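Chemist: First the structure, then my questions, so here it is.
2 protein chains.
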Amino acid sequence: MKVIEHIGQMQETSRALRREGKEIGFVPTMGALHEGHLSLIRRCKEENDTTVVSIFVNPTQFGPTEDYERYPRDLEGDSEKLRSLGVDILFFPSVEEMYPEGYSTYVEVEGLSNHLCGLFRPSHFRGVATVVTKLFNIVMPHRAYFGLKDYQQALIIKRMVRDLNMDVQIITCPTVREVDGLAMSSRNQYLSESERRSATVIYRTLLRAKEALERGEDFGTVKTLMVETLSSEPHVKEIQYASVYDPESLEDLSQRQREDYSGSEVLLAIAVIIGPARLIDNMLVRLRD
Amino acid sequence: MKVIEHIGQMQETSRALRREGKEIGFVPTMGALHEGHLSLIRRCKEENDTTVVSIFVNPTQFGPTEDYERYPRDLEGDSEKLRSLGVDILFFPSVEEMYPEGYSTYVEVEGLSNHLCGLFRPSHFRGVATVVTKLFNIVMPHRAYFGLKDYQQALIIKRMVRDLNMDVQIITCPTVREVDGLAMSSRNQYLSESERRSATVIYRTLLRAKEALERGEDFGTVKTLMVETLSSEPHVKEIQYASVYDPESLEDLSQRQREDYSGSEVLLAIAVIIGPARLIDNMLVRLRD
Numbered sequence: 028m029k030v031i032e033h034i035g036q037m038q039e040t041s042r043a044l045r046r047e048g049k050e051i052g053f054v055p056t057m058g059a060l061h062e063g064h065l066s067l068i069r070r071c072k073e074e075n076d077t078t079v080v081s082i083f084v085n086p087t088q089f090g091p092t093e094d095y096e097r098y099p100r101d102l103e104g105d106s107e108k109l110r111s112l113g114v115d116i117l118f119f120p121s122v123e124e125m126y127p128e129g130y131s132t133y134v135e136v137e138g139l140s141n142h143l144c145g146l147f148r149p150s151h152f153r154g155v156a157t158v159v160t161k162l163f164n165i166v167m168p169h170r171a172y173f174g175l176k177d178y179q180q181a182l183i184i185k186r187m188v189r190d191l192n193m194d195v196q197i198i199t200c201p202t203v204r205e206v207d208g209l210a211m212s213s214r215n216q217y218l219s220e221s222e223r224r225s226a227t228v229i230y231r232t233l234l235r236a237k238e239a240l241e242r243g244e245d246f247g248t249v250k251t252l253m254v255e256t257l258s259s260e261p262h263v264k265e266i267q268y269a270s271v272y273d274p275e276s277l278e279d280l281s282q283r284q285r286e287d288y289s290g291s292e293v294l295l296a297i298a299v300i301i302g303p304a305r306l307i308d309n310m311l312v313r314l315r316d
Numbered sequence: 028m029k030v031i032e033h034i035g036q037m038q039e040t041s042r043a044l045r046r047e048g049k050e051i052g053f054v055p056t057m058g059a060l061h062e063g064h065l066s067l068i069r070r071c072k073e074e075n076d077t078t079v080v081s082i083f084v085n086p087t088q089f090g091p092t093e094d095y096e097r098y099p100r101d102l103e104g105d106s107e108k109l110r111s112l113g114v115d116i117l118f119f120p121s122v123e124e125m126y127p128e129g130y131s132t133y134v135e136v137e138g139l140s141n142h143l144c145g146l147f148r149p150s151h152f153r154g155v156a157t158v159v160t161k162l163f164n165i166v167m168p169h170r171a172y173f174g175l176k177d178y179q180q181a182l183i184i185k186r187m188v189r190d191l192n193m194d195v196q197i198i199t200c201p202t203v204r205e206v207d208g209l210a211m212s213s214r215n216q217y218l219s220e221s222e223r224r225s226a227t228v229i230y231r232t233l234l235r236a237k238e239a240l241e242r243g244e245d246f247g248t249v250k251t252l253m254v255e256t257l258s259s260e261p262h263v264k265e266i267q268y269a270s271v272y273d274p275e276s277l278e279d280l281s282q283r284q285r286e287d288y289s290g291s292e293v294l295l296a297i298a299v300i301i302g303p304a305r306l307i308d309n310m311l312v313r314l315r316d
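Line by line, the protein sequences give chains A and B.
Residues 28 to 316, numbered by this note's numbering, are exactly what the first sequence covers, in order.
Residues 28 to 316, numbered by this note's numbering, are exactly what the second sequence covers, in order.
Here it is, written out as structure tokens:
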């Protein structure tokens, strides 16, 4: 595995690969790799000639009071995992080279960024859209892979790619879960043993909400059920959101008639604070006709 | 000359050119081509294998009260000029395809966009940065050419390309002038005969300011001289700005000591309203040590 730390060298490498007619697949990550990341990388390897993985804890997507400093970093363990998967290139740039003095350009996807996580993490998605644009321009991939655990992120990146006519295909992959259903996340490391047990309430809430939708409950009832289920768990310090959403516009549907969505998909999505960790999860459910 | 109207076809063409190892040069325009544009195109032809010119009057860079509707459009005359110069591809997309329903992604270069024209045309440079990003992603050029008459635009695009790591070289070219010194602009067409004569005051003001700087006048005095010279012309309805600026930060230097800029370049820049036209011009002047 080649490790590249400099932007210019990565661009030169990608230019050369493209000249040779190689198809480049790309998995951008913030490191602290878990099975969710690895599933993206495996799919990427299957579909491309060259697989590039980036590890970059991107400061512009963290708020001033968030966990940028303590976000888990484990380059050695990550490198070992990437090597054993047969990744071709690890791109590992520095913050100083990604955001040099005088840096001032940002990409913003309006509308979609003002729902769900965007309400609680102002400028988070601006940071995401900006760094993904930069990484695409540096790595020049044919295909890029994103996990659906970050549903809103994947939706925003697809919209950005479409709007800005970026010449890259976005491929989204299913959420990978622990045996007890907890969605894999680098932030699960923040949890104590008892918090970790509590965290399963997120997936249980999604399942209960799905069942409720399937037996015909209306959206308002489902939202109430979700909030109640989450609240029953003492380690849940805050429910940032928990409801039924339009999977394209991310509009909260709890005041809307479920008849308008017959035969369509809706999104169940949750963000909660458990102990020191902000955890998110979601599930798409198709309503019967 | 091949005329391409659709984004997908342009991208397919550029991909094929790149696979063949051809270097693509690109001149983005809003049409109503004059000698300024043609000088960019000639330089582009000299330095690249394939020359692509776009004509797109970009709605997102016009304010609601500005001249988007009446901006001059002359596809037939423009095509004739492009053909006679030996341009390879004219890219002529529709507004509907560039900004489809639900369009919501914008690129913003902070700081630089809040000076000079940015003060009088809020969101103008956001529109410029966004459409240039889109056009670069569609045309995939190795080099792109911009005129220095729009100095602030060229500076913002260079900053954007650097910040977002776009793999394109930005080449800026000198302002082309009429015999009497008026900078060529598609908007000069808006002027009546007497307004057209008045408009030469812009270039005369730049020359007088340059002489004043060269004889050692301080920045405040030069600004006053510029405003007085412009005001003396009855057709000048409004002076939006006229002063000495830092050519990198665009800061107004009229309150600053000229000793701090000994041996450096400063920017003289003007925006005025004459009759129905908003006209801009500028000049770089190197101060003696």
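Built from N, CA and C at the ideal position, the CB exists for glycine as well.
Everything numeric in this text was worked out from a predicted model, so none of it was measured.
(1) Would you please state the rounded distance, in angstroms, between the beta carbons of S281(A) and V271(A)? I believe it to be under 8 Å.
(2) Measuring CB atoms only, is the stretch 198–212 of chain A touching the stretch 169–186 of chain A, in the sense that at least three cross pairs come out at less than 8 Å?
(3) Using a cut-off of 9 Å between C-beta atoms, extract the partners of D194(B) located in chain A.
(4) What residues in its chain sit with their C-beta under 7 Å from that of P274(B), if we drop five residues either side in the sequence?
(5) Please classify G113(A): is it buried, with 16 or more other beta-carbons within 10 angstroms of its beta-carbon, or exposed?
(6) Can you give, in chain order, each stretch of the beta strand (DSSP E) that sits fully within the stretch 217–287 of chain B and has at least 3 residues?
(7) Would you say D190(B) faces chain A, with C-beta separation under 9 Å as the test?
(8) Taking buried to mean at least 16 other C-beta atoms within 10 Å of its own C-beta, is K264(B) buried or exposed?
(9) Measure the C-alpha to C-alpha separation of F53(B) and L191(B) and round it to an integer number of angstroms.
(10) Within a Cβ cutoff of 8 Å, which residues of the same chain sit near D245(B), ignoring the five residues on either side of it in sequence?
(11) Q180(B): buried (16+ other C-beta within 10 angstroms of its C-beta) or exposed?
(12) Taking the Cβ atom as the reference point for each residue, do D308(B) and S289(B) lie within a distance shorter than 9 Å?
(13) Any chance the stretch 30–45 of chain A sits against the stretch 55–65 of chain A, with 3 or more Cβ pairs inside 8 Å?
(14) Hey, L218(B) and A226(B) are a contact pair by Cβ (cut 8 Å); roughly how many whole angstroms apart?
(15) Just the Cα atoms here: how many angstroms apart are V84(B) and V122(B)?
(16) Could you list which residues in chain B have their beta carbon closer than 8 Å to that of I34(A), in chain order?
(17) Given this structure, state the Cα-to-Cα distance separating Y268(A) from I229(A), to the nearest angstrom.
(18) Give a yes or no on whether 9 Å exceeds the smallest Cβ distance from Y133(B) to chain A.
(19) If we require 3 or more residues per run, which beta strand (DSSP E) segments fall completely within the stretch 152–197 of chain B?
(20) Does F147(B) come out as helix, strand or coil in the three-state DSSP assignment?
(21) Measuring straight from C-alpha to C-alpha, what distance separates D287(A) and K185(A)?
(22) Taking only three categories from DSSP, how would you classify M211(B)?
(23) In chain order, what residues of the same chain lie with their CB nearer than 6 Å to the CB of R99(A), ignoring the 5 residues before and after it?
(24) Would you kindly check if the distance between the Cβ of A156(A) and the Cβ of M187(A) is under 9 Å?
(25) Taking only beta-carbon atoms, is G138(B) less than 9 Å away from chain A?
(26) Determine the chain B residues that contact Y130(A) at a beta-carbon separation under 7 Å, and present them in chain order.
(27) With 16 other CB atoms within 10 Å as the buried threshold, where does E255(A) fall?
(28) Name, please, each residue of chain B whose Cβ falls closer than 8 Å to the Cβ of M310(A).
(29) Could you tell me how far apart the beta carbons of R110(B) and E135(B) are, in whole angstroms, since I believe they sit closer than 8 Å?
(30) Buried or exposed for D207(A), please, with buried defined as at least 16 other CB atoms from any protein chain shown within 10 angstroms of its CB.
(31) CA-CA distance, G104(A) and H61(A)?
(32) For R42(A) versus G48(B), is the C-beta distance shorter than 9 Å?
(33) Would a C-beta distance cut-off of 9 Å place L162(A) and S81(A) closer than the cut-off?
(34) My parser needs the beta strand (DSSP E) runs of 3 or more residues fully inside the stretch 73–105 of chain A; what are they?
(35) Is Q196(A) buried or exposed, if buried means 16 or more other CB atoms sit within 10 Å of its CB?
(36) What in chain B is Cβ-close to R186(A), meaning under 7 Å?
Modeler: Taking the coordinates as given:
(1) Between S281(A) and V271(A) a beta carbon distance of about 6 Å is seen, short of the 8 Å cut, so the two are scored as contacting.
(2) yes
(3) Q38, S41, R42, N164, I165 and M167
(4) Cβ neighbours of P274(B) within its own chain (closer than 7 Å, five residues either side excluded): E292, V293, L294 and L311.
(5) exposed
(6) 263–272
(7) yes
(8) Exposed.
(9) 19 Å
(10) Q284 and R285
(11) buried
(12) no
(13) no
(14) 6 Å
(15) 8 Å
(16) N192
(17) Computed Cα separation, rounded: 12 Å.
(18) yes
(19) 170–174
(20) helix
(21) 25 Å
(22) DSSP places M211(B) in coil when its eight states are reduced to three.
(23) According to the sequence displayed, residue 99(A) carries Pro and not Arg. Closer than 6 Å at the Cβ level, and outside the excluded window around P99(A), lie A59, S213 and Q216.
(24) yes
(25) Taking 9 Å as the threshold, the shortest C-beta distance from G138(B) to chain A falls below it.
(26) For Y130(A), the C-beta contacts it makes with chain B under 7 Å involve D190, in order along the chain.
(27) It is exposed - the Cβ of E255(A) has fewer than 16 other Cβ atoms within 10 Å.
(28) Within chain B, no residue comes near M310(A); the closest Cβ sits about 25 Å away, beyond 8 Å.
(29) Not really, about 37 Å apart at Cβ, beyond 8 Å.
(30) exposed
(31) 10 Å
(32) no
(33) yes
(34) 77–82
(35) Of the other Cβ atoms in all chains shown, fewer than 16 fall within 10 Å of the Cβ of Q196(A); this residue is therefore exposed.
(36) S131 and T132
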